[in-house]
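Number of protein chains: 2
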Amino acid sequence: MVNFTENPRHYTAEGLSALCEGLSQRFGDRFSTAQSLRDQHASTLTWLPAQAPDGVVFPLDSGEVASVVALCAERGVPVIPYGTGTGLEGHVNAPSGGISIDMSRMNAIVAVHAEDLDAVVQPGVTRKQLNDYLRDQGLFFPIDPGADASLGGMAATRASGTNAVRYGTMKDNVLSLKAVLASGEIVTTASRAKKSSAGYDLTRLMVGSEGTLGVITELTVRLHGIPEAISAGICPFASEQAACDTVIATIQSGLAVARIELLDALMVRAANNYSQLDLPETPMLFVEFHGSEAGVAEQAERFGEIAAEFGGGPFSWATKPEDRTRLWTARHNAYWAVGALRPGARSVATDVCVPLSRLAECVAETRRDIDRTGLVAPIVGHVGDGNFHVQPLIDMTDAGEVAACEGFLERLVQRALAMEGTCTGEHGVGQGKRKYLVAEHGEAALGMMIAIKNALDPRGIMNPGKIFMP
Amino acid sequence: MVNFTENPRHYTAEGLSALCEGLSQRFGDRFSTAQSLRDQHASTLTWLPAQAPDGVVFPLDSGEVASVVALCAERGVPVIPYGTGTGLEGHVNAPSGGISIDMSRMNAIVAVHAEDLDAVVQPGVTRKQLNDYLRDQGLFFPIDPGADASLGGMAATRASGTNAVRYGTMKDNVLSLKAVLASGEIVTTASRAKKSSAGYDLTRLMVGSEGTLGVITELTVRLHGIPEAISAGICPFASEQAACDTVIATIQSGLAVARIELLDALMVRAANNYSQLDLPETPMLFVEFHGSEAGVAEQAERFGEIAAEFGGGPFSWATKPEDRTRLWTARHNAYWAVGALRPGARSVATDVCVPLSRLAECVAETRRDIDRTGLVAPIVGHVGDGNFHVQPLIDMTDAGEVAACEGFLERLVQRALAMEGTCTGEHGVGQGKRKYLVAEHGEAALGMMIAIKNALDPRGIMNPGKIFMP
Chain B
1 MVNFTENPRH YTAEGLSALC EGLSQRFGDR FSTAQSLRDQ HASTLTWLPA
51 QAPDGVVFPL DSGEVASVVA LCAERGVPVI PYGTGTGLEG HVNAPSGGIS
101 IDMSRMNAIV AVHAEDLDAV VQPGVTRKQL NDYLRDQGLF FPIDPGADAS
151 LGGMAATRAS GTNAVRYGTM KDNVLSLKAV LASGEIVTTA SRAKKSSAGY
201 DLTRLMVGSE GTLGVITELT VRLHGIPEAI SAGICPFASE QAACDTVIAT
251 IQSGLAVARI ELLDALMVRA ANNYSQLDLP ETPMLFVEFH GSEAGVAEQA
301 ERFGEIAAEF GGGPFSWATK PEDRTRLWTA RHNAYWAVGA LRPGARSVAT
351 DVCVPLSRLA ECVAETRRDI DRTGLVAPIV GHVGDGNFHV QPLIDMTDAG
401 EVAACEGFLE RLVQRALAME GTCTGEHGVG QGKRKYLVAE HGEAALGMMI
451 AIKNALDPRG IMNPGKIFMP
Chain D
1 MVNFTENPRH YTAEGLSALC EGLSQRFGDR FSTAQSLRDQ HASTLTWLPA
51 QAPDGVVFPL DSGEVASVVA LCAERGVPVI PYGTGTGLEG HVNAPSGGIS
101 IDMSRMNAIV AVHAEDLDAV VQPGVTRKQL NDYLRDQGLF FPIDPGADAS
151 LGGMAATRAS GTNAVRYGTM KDNVLSLKAV LASGEIVTTA SRAKKSSAGY
201 DLTRLMVGSE GTLGVITELT VRLHGIPEAI SAGICPFASE QAACDTVIAT
251 IQSGLAVARI ELLDALMVRA ANNYSQLDLP ETPMLFVEFH GSEAGVAEQA
301 ERFGEIAAEF GGGPFSWATK PEDRTRLWTA RHNAYWAVGA LRPGARSVAT
351 DVCVPLSRLA ECVAETRRDI DRTGLVAPIV GHVGDGNFHV QPLIDMTDAG
401 EVAACEGFLE RLVQRALAME GTCTGEHGVG QGKRKYLVAE HGEAALGMMI
451 AIKNALDPRG IMNPGKIFMP
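Residue numbers (full-length UniProt numbering), protein chains in the order written: chain B, 1 to 470; chain D, 1 to 470.
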C-alpha cells in the first residue's frame with residue numbers, strides 16, 4: 001500500500017480553533033467540522049489512503065473564496081479545493097491538514113456567448129451540467145473524463161478524455177480563468193480574445209497546477225458547434241497490436257477522427273457485463289467522426305479500409321443516436337465496469353502517455369508485464385493521443401499482490417518515460433505520481449516549477465503535498 | 001515619437017571589457033563588438049528607436065548558449081536572444097546594454113518524427129526552411145507570420161498568422177522546448193507525448209515570454225499532414241462590416257475554414273501595386289479550405305452561400321496552385337506592400353484582437369478613427385480569430401502626424417480592451433505595448449507575472465526592458 005509520510009502541520013490547535021471560529025462567523029452553516037463531512041471530502045477513487053481536512057467550507061463566489069484563503073493564510077492553514085472528488089491521484093487529500101473549499105454551490109453558468117463560442121462558468125459546474133444547458137443552442141463542450149467532474153477540477157488537473165484527439169485537452173479549451181492566489185488576491189488570467197501575445201500565459205500556468213498556485217473561481221471555456229453529422233462505430237481486432245497500428249495509420253492519414261478508443265478483451269468483457277452490451281470479447285476500437293453527412297460517411301469508409309489492412313473488422317456502425325449514446329456511456333463507465341469484475345478489490349486506476357509511434361510497443365510490453373505479474377488489469381485508452389489507462393484490481397489484504405502491483409506501476413511509468421512519454425497523460429500528479437517528476441522532467445525543470453511555486457505561495461498553504469514531494 | 005528611458009546598465013565598463021575578453025576567448029570570431037554588427041542586431045521593423053547591444057555572439061548549440069548566459073550572469077550583463085530581427089515591438093533592442101545571442105547558426109533540423117507528426121529543431125530554423133524540408137514527406141508546419149521568422153523567435157513572441165483559425169498559434173504547436181535559464185541551467189519543458197498532466201506547463205510559460213525567462217535553444221513542434229485538397233479564393237464585399245459579418249457567420253456555422261483574412265480597400269490597392277495583382281479595390285476576404293476533394297468543394301460552396309447572404313461575392317477560386325501561392329504571397333508581403341504606398345514614411349505595424357462578436361464593431365470604429373485622424377493606415381487581419389492589424393504610414397519628421405498616430409494607437413488599444421480583447425493578438429509586448437499590461441491584466445495578474453520573472457531571473461539579466469516597465 002502506498003504510504004505517504006503525513007506532512008507536518010504548520011499551525012497550532014489554537015490557530016485552527018480561532019480560524020474555525022472565524023469561518024463559522026463568516027459562513028454560518030456553510031462551514032462545518034463534522035467528521036462525516038470531513039471524511040467525505042477526502043474520499044478517493046483509488047488506493048491512496050484518505051487524509052481528511054480539518055473543516056469544509058461552501059463558498060458562493062470569488063470574493064468568499066478570497067476571504068477563506070485570507071483567513072487561512074493568516075493562520076498558516078492550508079486550503080484544498082474540492083470539486084466532485086473524482087480525482088484519481090489523491091488531489092483532495094489533506095496531508096498537512098487544512099480547510100477543504102467545496103465548490104459545489106459555485107455551480108452557476110454565468111454567461112454563454114454563442115457568437116464567440118465561449119461560456120463563463122463557476123468552477124463547480126460539471127461537464128454534463130454544461131452540456132445539458134448548451135444542447136438547445138447547438139453547442140457543446142468536448143472535454144469528457146469518465147466521471148461527471150467539475151470544470152474547476154478538470155482545469156486544475158489538465159483533464160482530457162475521449163474527444164481530446166480532435167478538440168484538445170483542458171489546456172486548449174480554457175480561454176481564461178479567475179483564481180484566488182495565496183495572497184488572497186483575485187487574478188484574471190486573460191481576456192476573452194481567442195488569442196493574445198500580451199505577457200506570460202497565466203491561463204496555461206494555472207491549468208494543471210492542481211490547486212498548488214491558486215483556487216480557480218471562474219472559467220471561460222471554449223465551446224464548439226454540435227456537428228451536423230456524427231457517426232460512431234466499433235471495430236474488433238485480433239490483437240492490441242493490430243488495433244494500435246490502425247490508430248497510428250488513421251492519425252497519419254490525416255483523418256480528423258473525433259474519438260478513437262482502445263478497449264482490450266478484458267475491458268470489453270467488463271463493459272459487456274456492466275453495461276449490458278454483447279460485443280465480441282476481443283481487442284476493439286470505438287471510433288467517432290464529426291462533420292457533414294457526406295464528410296463523416298467518407299471518413300468512416302476510409303477508416304474501414306485502414307482497419308482492414310491490419311486485419312480488423314468488420315467495422316459496424318451505431319447509426320441510431322441511442323446506440324451511440326449507449327456505446328459512449330459504456331466507455332465512460334469503464335472505471336466502474338472494471339471495478340465490478342472483482343467485487344471487494346480496490347481499483348488502482350493509472351495512466352501514461354507516449355508518442356504515437358511507440359504506442360503499440362508500449363501497450364504490448366504492458367500487456368506482457370500484466371500477464372507475467374499475474375494481475376487482473378484491463379487496458380483502455382485514448383489511443384489517438386498515445387494515452388492509455390491500466391486499472392489493476394487489487395486485494396488490499398494480500399500484501400504480495402499489493403507489492404506486485406506497486407512493482408508493475410513503477411515499471412509502467414519507467415517504460416513510458418523510456419519511450420519519451422509522460423508519467424500521466426491526464427490524471428495529474430497529485431500524491432501518487434510525485435516521485436516520478438524528477439525522472440520525467442530532470443532537476444532543472446522541476447527546480448523551475450518549485451521556484452514558481454515558492455514565489456507565488458511562499459508559506460506553502462495552497463494544496464500542499466501535491467505535485468511536489470514534501 | 002515613442003521614447004523609452006534607457007534603463008541603467010548594472011555593470012561597469014571593466015566588467016563588460018572582462019566579459020568581452022572571456023567571450024572572445026571562448027568563441028573566437030563568433031563573438032564580435034563591431035559597431036555595424038551591433039547596430040544591425042537592434043534594427044527594428046517599426047518606429048521604436050534602435051538600441052544596440054554591446055556585442056553579438058553566434059553560438060552553435062545549447063551548451064554554448066549556456067556558457068554565454070553563465071559568463072554574462074557572472075558580470076550582471078543582460079542577454080538578448082536574436083532570431084531574424086523581424087519582431088515588431090522592439091524585442092531585440094538592448095535598452096540596458098548586453099550581449100545579443102544570434103541564433104542564425106543554430107539552424108539544424110535535428111529530427112523529423114513523421115509517425116508522431118513532430119519535428120525537433122534548433123531555434124534559428126525559419127518557418128520556410130522547415131516547410132521546404134518537410135514538403136517531400138507530405139507534412140507542413142502551419143504557423144506563418146508575414147516574415148520568414150525563426151521558430152525560436154516565433155515561440156518567444158507566441159506568434160501566429162493566417163492558419164491560426166484552424167491550426168492554433170505557437171502555444172498550440174510547440175510540444176516541448178529546451179531553454180537556458182538565468183542560472184545557466186538547461187531545462188527541457190516536456191516530453192514528446194502529445195499530452196501530459198505531469199506538473200506545471202513550462203512549455204506554455206516559455207512560449208510568449210519573449211526571452212525574459214530564458215533563451216530557447218531547441219523546440220519540438222507539431223506537424224500536420226499536407227491536406228489532400230486545398231482550395232483558396234477571394235470574395236469582395238461592399239463594406240468591411242459585411243466582410244466581418246460573413247466571417248462571424250462562417251465560424252459559427254462550424255465550417256472548418258483554414259484561413260480567412262480581411263483586407264480593406266487600401267490594403268487591396270497596396271497588394272495590387274506591390275504584388276502585381278488586379279483585384280477590385282474594395283474590402284475583401286481571402287479564404288482557404290483544407291480537406292478531401294469532396295470536403296473542400298462542399299465547404300467552399302457553403303461559404304459562398306454565407307457570403308451572398310451579406311451581399312458579398314462573387315466568390316472566385318484560385319484553382320491552380322500557382323495562383324494560390326500568388327495570393328498568399330501577396331498576403332504575407334502585406335507589411336512591405338503597405339510600406340510602398342508612401343515611400344519614405346515609417347510603418348507603424350500594430351495589432352489587437354477582440355472576441356469575434358465585437359470584430360465588426362471594432363473594425364468599423366477603427367476605420368472611422370483612422371479617417372477622422374487623417375492617417376494613411378490600411379487594415380488587414382486574421383479575422384477568423386478576431387485579430388486585425390493596422391499599419392499607419394507616418395512621416396517621422398512631422399511632429400503633428402507622429403502625435404496623431406500615437407493618439408490613434410492609444411485609442412485602438414483602449415477600444416480593444418473595452419471590448420474584452422487584448423492589446424496584442426500576435427506581435428507580443430516587447431517595448432511598445434508594455435504600458436498597456438496593467439489596463440489589460442490588472443495589478444494582481446501583472447504582479448503574478450512579475451513574481452515569476454523575479455523568481456526565475458532575480459538579477460534581471462534576461463532581455464530586460466521587455467514586457468515589464470523598468
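All C-beta atoms, glycine included, are put in the ideal place defined by N, C-alpha and C.
Tell me whether the beta-carbon of D:Glu240 lies closer than 8 Å to the beta-carbon of D:Leu262.
Counting from one through the second sequence, the residue named residue 240 of chain D turns up at place 240. Counting from one through the second sequence, the residue named residue 262 of chain D turns up at place 262. In contact: D:Glu240 and D:Leu262 (Cβ atoms closer than 8 Å).
Cβ neighbours of D:Arg346 in the same chain (closer than 6 Å, five flanking residues each side left out)
Counting from one through the second sequence, the residue named residue 346 of chain D turns up at place 346. Excluding residues within five positions, the ones whose Cβ falls inside 6 Å are Trp47, Ile394 and Met396.
Is there at least one Cβ from chain D nearer than 8 Å to B:Val187's Cβ?
Counted from its first residue, the first sequence places residue 187 of chain B at position 187. Answer yes: the Cβ-Cβ gap between B:Val187 and chain D drops below 8 Å somewhere.
Strand pairing of B:Met419, partner residues [DSSP]
Counting from 1 along the first sequence, the entry for residue 419 of chain B is found at position 419. Answer is none; B:Met419 lacks a bridge partner.
Between residue 525 of chain B and D:Met448, what straight-line distance do the alpha-carbon atoms span, to the nearest angstrom?
Residue 525 of chain B cannot be examined here, being either before or after the span of chain B that is shown, 1 to 470.
Whose C-alpha, out of D:Met462, D:Thr126 and D:Asp118, is nearest the C-alpha of D:Ser104?
In the second sequence, residue 104 of chain D corresponds to position 104, counting from 1. Of the candidates D:Met462, D:Thr126 and D:Asp118, the one whose C-alpha sits nearest the C-alpha of D:Ser104 is D:Thr126.
Note down, in chain order, every chain B residue with its Cβ under 8 Å from the Cβ of D:Cys362.
Counted from its first residue, the second sequence places residue 362 of chain D at position 362. Under the 8 Å cutoff, chain B gives no residues; its nearest Cβ is about 11 Å from D:Cys362.
C-alpha gap between B:Ala111 and B:Val121, whole angstroms:
In the first sequence, the residue the question calls residue 111 of chain B occupies position 111. In the first sequence, the residue the question calls residue 121 of chain B occupies position 121. Answer to the nearest angstrom: the Cα atoms are 7 Å apart.
Give me whichever residues DSSP pairs with D:Tyr82 in a beta bridge.
Within the second sequence, the letter at position 82 stands for residue 82 of chain D. DSSP, once it has assigned bridges, lists D:Asp102 as partnering D:Tyr82.
Partners in chain D for B:Val120, counting only beta-carbon separations shorter than 9 Å
The sequence position of residue 120 of chain B within the first sequence is 120, counting from 1. Neighbours of B:Val120 on chain D: none; closest Cβ ~11 Å, over 9 Å.
For a test of the three-state rule: what should DSSP assign to B:Thr319, helix, strand or coil?
Residue 319 of chain B sits at position 319 when you count from the first residue of the first sequence. Looking at B:Thr319 - three-state DSSP - the assignment turns out to be coil, as it is neither helix nor strand.
Verify whether the separation of the beta carbon atoms of B:Leu151 and B:Val221 is less than 8 Å.
In the first sequence, counting from the first residue as 1, residue 151 of chain B sits at position 151. In the first sequence, counting from the first residue as 1, residue 221 of chain B sits at position 221. Cβ distance < 8 Å, so B:Leu151 and B:Val221 count as in contact.
Measure the Cβ-Cβ separation of B:Ile260 and B:Leu219 and say whether it is below 8 Å.
Taking the first sequence and counting its residues from 1, one reaches residue 260 of chain B at position 260. Taking the first sequence and counting its residues from 1, one reaches residue 219 of chain B at position 219. Not a contact, by the Cβ cut-off of 8 Å.
How far does the alpha helix (DSSP H) with D:Gly447 in it extend, from its first residue to its last?
On the second sequence, residue 447 of chain D is found 447 positions in, with the first residue counted as 1. Here the alpha helix (DSSP H) through D:Gly447 covers Leu437 to Leu456.
Mind listing which residues of the stretch 154-165 of chain D have their C-beta closer than 8 Å to chain B's C-betas, in chain order?
Listed by position, the residues of the stretch 154-165 of chain D near chain B (Cβ gap below 8 Å) are Thr157, Arg158, Ala159, Ser160 and Ala164.
Name the chain D residues whose beta carbon is nearer than 8 Å to that of B:Gly225?
Walking along the first sequence from the start, residue 225 of chain B turns up at place 225. The answer, in chain order, is Gln252, Ser253 and Gly254.
Complete runs of the beta strand (DSSP E) confined to the stretch 208-239 of chain B [at least 3 residues]
Fully enclosed beta strand (DSSP E) runs of 3 or longer: 214-222 and 229-236.
Among D:Thr282, D:Val296, D:Gly339 and D:Leu341, which one has its Cα closest to the Cα of D:Gly313?
As a first step, residue 313 of chain D must be located in the second sequence, where it is residue number 313. When only C-alpha atoms are compared, the closest one is D:Thr282.
Quick one: give me the first and last residue of the beta strand (DSSP E) that D:Asp118 is part of.
Within the second sequence, residue 118 of chain D is the residue found at index 118, counting from 1. Note, D:Asp118: beta strand (DSSP E), Asp118 to Val121.
With 9 Å as the C-beta to C-beta threshold (strictly closer), list the residues of the stretch 443-458 of chain D near chain B in chain order.
Result list: Glu443, Ala444, Ala445, Leu446, Gly447, Met448, Met449, Ala451, Ile452, Lys453, Asn454, Ala455 and Leu456.
For B:Gln414, which option in B:Leu356, B:Pro392, B:Asp351 and B:Phe468 has the closest C-alpha, if you only look at C-alpha atoms?
Sequence index remark: in the first sequence, residue 414 of chain B carries index 414 (1-based). When B:Leu356, B:Pro392, B:Asp351 and B:Phe468 are compared, the shortest CA-CA separation from B:Gln414 is found for B:Asp351.
Grab me the residues of D:Pro392's own chain with a C-beta within less than 6 Å of its C-beta, minus the 5 sequence neighbours each way, in chain order.
Reading the second sequence from its first residue, position 392 is the one you call residue 392 of chain D. So the qualifying residues of the chain are Val348, Leu375, Ala377 and Cys405.
D:Ile248 touches chain B at which residues, Cβ-Cβ below 8 Å?
Position 248 of the second sequence holds residue 248 of chain D. What D:Ile248 touches in chain B: Glu115.
Taking a Cβ distance cut-off of 7 Å, strictly less, list which residues of the stretch 342-375 of chain B are near chain D, in chain order.
Cys353, Val354, Pro355, Leu356 and Ser357
Judging by CA-CA distance, which residue of D:Leu175, D:Ala94, D:Gly425 and D:Gly304 is the nearest neighbour of D:Leu223?
For the purposes of this step, residue 223 of chain D is identified with residue 223 of the second sequence, where counting begins at 1. Ranking the options by Cα distance to D:Leu223, first place goes to D:Leu175.
At which residues does the beta strand (DSSP E) containing D:Met396 begin and terminate?
The count along the second sequence starts at 1 and reaches residue 396 of chain D at position 396. Here D:Met396 belongs to no beta strand (DSSP E), and DSSP marks it neither H nor E.
Which value, in whole angstroms, describes the spacing of the CA atoms of residue 472 of chain D and D:Leu255?
The shown model of chain D, from 1 to 470, leaves out residue 472 of chain D, and the question about it has no answer.
Got a sec, what are the start and stop residues for the beta strand (DSSP E) D:Asp351 sits in?
In the second sequence, residue 351 of chain D corresponds to position 351, counting from 1. According to the DSSP assignment, D:Asp351 belongs to the beta strand (DSSP E) that extends over Thr350 to Cys353.
For B:Asp116, is the classification buried or exposed, using 16 other Cβ atoms within 10 angstroms of its Cβ as the cut-off for buried?
On the first sequence, residue 116 of chain B is found 116 positions in, with the first residue counted as 1. By the neighbour-count rule (16 or more Cβ atoms within 10 Å), B:Asp116 is buried.
To the nearest whole angstrom, what separates the beta carbons of B:Arg192 and B:Asp118, a pair I think is in contact under 8 Å?
Within the first sequence, numbered from 1, the residue matching residue 192 of chain B stands at position 192. Within the first sequence, numbered from 1, the residue matching residue 118 of chain B stands at position 118. The Cβ separation is near 6 Å, so the contact holds.
Which first and last residues belong to the beta strand (DSSP E) in which B:Val284 is found?
Here residue 284 of chain B refers to the residue found at position 284 of the first sequence. Here residue 284 of chain B turns out to be Met, not Val, going by the sequence shown. For B:Met284, the enclosing beta strand (DSSP E) stretches over residues Met284 to Gly291.
Going straight from the alpha carbon of D:Cys20 to that of D:Asp102, what length do you get?
Reading the second sequence from its first residue, position 20 is the one you call residue 20 of chain D. Reading the second sequence from its first residue, position 102 is the one you call residue 102 of chain D. Cα to Cα, the separation comes out at about 16 Å.
From D:Ser96 to D:Gln51, what distance separates their C-alpha atoms?
For the purposes of this step, residue 96 of chain D is taken as residue 96 along the second sequence, with counting starting at 1. For the purposes of this step, residue 51 of chain D is taken as residue 51 along the second sequence, with counting starting at 1. Each residue's Cα considered, the two are about 9 Å apart.
Less than 8 Å separating the beta-carbons of B:Ile467 and B:Arg434?
Here residue 467 of chain B refers to the residue found at position 467 of the first sequence. Here residue 434 of chain B refers to the residue found at position 434 of the first sequence. For B:Ile467 and B:Arg434, yes; Cβs fall inside 8 Å.
B:Thr84: which of B:Thr162, B:Phe58 and B:Lys453 sits nearest, CA to CA?
Translated into the one-based positions of the first sequence, residue 84 of chain B becomes position 84. For the residues B:Thr162, B:Phe58 and B:Lys453, the minimum Cα distance to B:Thr84 belongs to B:Phe58.
Buried/exposed call for D:Lys320, threshold 16 Cβ in 10 Å
As a first step, residue 320 of chain D is located in the second sequence; it is residue number 320 there, counting from the start. Flag for D:Lys320 reads exposed.
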